[in-house]
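**Student:** Those letters in the sequence shown? Residues 1 to 179, per the UniProt record's numbering, in order.
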Amino acid sequence: MVPGTPQHNGVSEMMNRTIMERARSIKLHAGLPLSFWAEAVSTAMYLINRGPSSALDGGIPEEAWYGKKVDYSFLRVFGCEENKEESKKEYAMVEDLLDGKVTHESVQEPTQQESQTPTMRRSFRVRKEPENFSPSLYYLLLTDSGESESFDEAMQVDASKKWEQAMDEEHKSLMENQT
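So, in C-alpha cells, the structure goes:
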C-alpha cells in the first residue's frame, strides 16, 4: 500500500462513512431535497460530537473538549415543523417526571384512539420476473469499457489527436520520473 492513501487511514475512512450514512438517513427521514445535504451533514456531525464515543470509553466528545455537561434540551427532529404549545406541554411533563413530581398513579392510561394499530394494506404493484440476459450480453457488458483496445483502434476514432497527445504526455512523464 502507498503511504497517504485511504487504506492507511482506516479510522478516518470509517468516520467519513458514518457521517455520510447518518446524513443520508437524516435527509431521507425528513423528506428533504438534495439542496439540504450540507445541513444534514452538519447535523450528523453535531450529533456525533454529542453522543457516546467508544474512543472515549463511552464518554461524550463535546464534554471532553469543553469540560462541561452537554445540554440536550433544545434538540429537535431534523426538518420537522414543531407545534410550540404542544412542545411546551411535553417538556413540562418530562421536567415534572424527572423532578419526581409525577407519580406512577397519576400517569394516564392511553385512550382507545392512541392504542389502535394501523391496518395493513396490500401492495397494488404488479410483480414481474427479472429479465435474464444472454451469456454473450453479460460478456459484452463486462468487457466493453468504451475505450480503444489497441493503438490502431485508437487512431481510427474522431479523438485520435487527443489519444496521441495523452500518450505523448504519459511517455514524457515516464521519462522525467525515470520509471
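Using N, Cα and C, we set each Cβ at its ideal position, and we do this for glycine too. All values derive from a computational prediction rather than experimental measurement.
Just how far apart, CA to CA, sit residue 179 and residue 157?
**Tutor:** Counting from 1 along the sequence shown, the entry for residue 179 is found at position 179. Counting from 1 along the sequence shown, the entry for residue 157 is found at position 157. Approximately 29 Å, taken between the alpha carbons.
**Student:** Spatial neighbours of residue 49 within its chain, please: C-beta separation below 6 Å, excluding the five flanking residues on both sides.
**Tutor:** The count along the sequence shown starts at 1 and reaches residue 49 at position 49. Excluding residues within five positions, the ones whose Cβ falls inside 6 Å are 61, 62.
**Student:** With burial defined as no fewer than 16 other Cβ atoms inside 10 Å of the residue's Cβ, what is the status of residue 27: buried or exposed?
**Tutor:** Position 27 of the sequence shown, counted from the start, is the residue given in the question as residue 27. It is buried - the Cβ of residue 27 has at least 16 other Cβ atoms within 10 Å.
**Student:** Strictly under 8 Å for the Cβ-Cβ distance: is residue 35 near chain B by that measure?
**Tutor:** In the structure shown, chain B cannot be found, because there is only a single protein chain.
**Student:** Quick test of your reading: residue 44 and residue 19, contact by CB under 8 Å. State the CB separation rounded to the nearest angstrom.
**Tutor:** Here residue 44 refers to the residue found at position 44 when the sequence shown is read from its first residue. Here residue 19 refers to the residue found at position 19 when the sequence shown is read from its first residue. 5 Å between Cβ atoms; contact.
**Student:** Just to confirm the assignment: which complete alpha helix (DSSP H) runs, minimum length 4, are found wholly within the UniProt domain "Integrase catalytic" (1-69)?
**Tutor:** DSSP runs (the alpha helix (DSSP H)) wholly in the UniProt domain "Integrase catalytic" (1-69): 10-30, 37-49, 61-66.
**Student:** In this structure, does DSSP put residue 138 in helix, strand or coil?
**Tutor:** Along the sequence shown, read from residue 1 onward, the residue named residue 138 stands at position 138. Looking at residue 138 - three-state DSSP - the assignment turns out to be helix.
**Student:** Going by DSSP in three states, residue 133 sits in which element: helix, strand or coil?
**Tutor:** For the purposes of this step, residue 133 is taken as the residue at position 133 of the sequence shown. Three-state result, residue 133: coil.
**Student:** Report buried or exposed for residue 55, applying the criterion of at least 16 other Cβ atoms within 10 angstroms of its Cβ.
**Tutor:** Locating residue 55 in the sequence shown gives position 55, counting from the first residue. Exposed, because fewer than 16 other Cβ atoms sit within 10 Å of the Cβ of residue 55.
**Student:** In its own chain, which residues sit with a C-beta less than 7 Å from the C-beta of residue 67, not counting the 5 before and 5 after it?
**Tutor:** As a first step, residue 67 must be located in the sequence shown, where it is residue number 67. Cβ neighbours of residue 67 beyond the five flanking positions: none.
**Student:** Got a sec, what are the start and stop residues for the alpha helix (DSSP H) residue 159 sits in?
**Tutor:** Walking along the sequence shown from the start, residue 159 turns up at place 159. Run containing residue 159: none; DSSP gives neither H nor E here.
**Student:** Between the alpha carbons of residue 51 and residue 59, how many angstroms are there, rounded?
**Tutor:** Counting from 1 along the sequence shown, the entry for residue 51 is found at position 51. Counting from 1 along the sequence shown, the entry for residue 59 is found at position 59. Cα to Cα, the separation comes out at about 8 Å.
**Student:** Considering Cα atoms alone, identify which of 136, 137, 163 is closest to residue 149.
**Tutor:** For the purposes of this step, residue 149 is identified with residue 149 of the sequence shown, where counting begins at 1. The shortest Cα separation from residue 149 among 136, 137, 163 belongs to 163.
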